[in-house]
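Comments concern the structure below.
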Amino acid sequence: MKTFKLYAMQVIDGQEGKVTQEPIPLYEGLIINMENEEHTWFIDAVISKEDARLFEREQEAEHHILVSVVITSKDNHPAVMITSIESITDLKEGKSIILKGRIVSGRDDVLEDVFEDILEEGIQRESLLSEYKSRVEKLDAYSDKTIAEVYDQLKKSEKYHLH
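Once you know that position 75 of the sequence shown is 75 in our numbering, the rest is easy, because the numbers rise by one and skip nothing.
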């Protein structure tokens, strides 16, 4: 089991065919990799009571939540996780939200999208490496594309109940 600081979290939602990411300001947070066969992670996010309402509504509706998390440092690439709400606890300041989930997309998936796009565009061999390096520097645009693809796949599956 490994524990990391939760640096940032966003809730990913799809409305009217468009996928959006809603930043959730954290008072504090941590994320635990259980290092088990199921690849389970737990997120403990301490957030405002106002922001907790979103999670309370989703818990009541028994929905899964797709989140994007940044672990340890703001410079790390976000990982996308499909989660269920395990508990919501009132605290003196804010609420603790415990999510249980697994990673469904990370940096490798985004890099794969970059490479696929370069291949589809028929970039010549001599330009391939420089084009790849240039696009890797702009991963945020690819992250949005990858997140939208992941959201659509999970929404279509009968295994998860996304809003």
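Even for Gly, the Cβ is constructed at its ideal location relative to N, Cα and C.
{"query": "Bridge partners - arginine 102, DSSP secondary structure assignment", "result": "Ile82"}
{"query": "beta-carbon valine 70 near the ligand PLP non-hydrogen atom, thresh 7 Å", "result": "The ligand content of the structure shown is nil, which means the ligand PLP is not present either."}
{"query": "C-alpha gap between methionine 34 and serine 73, whole angstroms", "result": "20 Å"}
{"query": "C-alpha distance - lysine 2 paired with valine 69, whole-angstrom precision", "result": "16 Å"}
{"query": "Glutamate 22 in three-state terms, based on DSSP", "result": "strand"}
{"query": "Threonine 146 in three-state terms, based on DSSP", "result": "helix"}
{"query": "C-alpha gap between isoleucine 65 and leucine 91, whole angstroms", "result": "22 Å"}
{"query": "Neighbour-count burial assignment, alanine 61, 16 or more Cβ in a 10 Å radius", "result": "exposed"}
{"query": "Cut-off 8 Å between Cβ atoms - residues of its own chain near glutamine 153, not counting five sequence neighbours on either side", "result": "none"}
{"query": "Endpoints, beta strand (DSSP E) assigned at leucine 6", "result": "2-15"}
{"query": "Ordered list of beta strand (DSSP E) runs contained in the stretch 28-80, each at least 3 residues", "result": "28-33, 41-47 and 65-71"}
{"query": "Between the CA atoms of serine 130 and alanine 52 - distance to the nearest angstrom", "result": "44 Å"}
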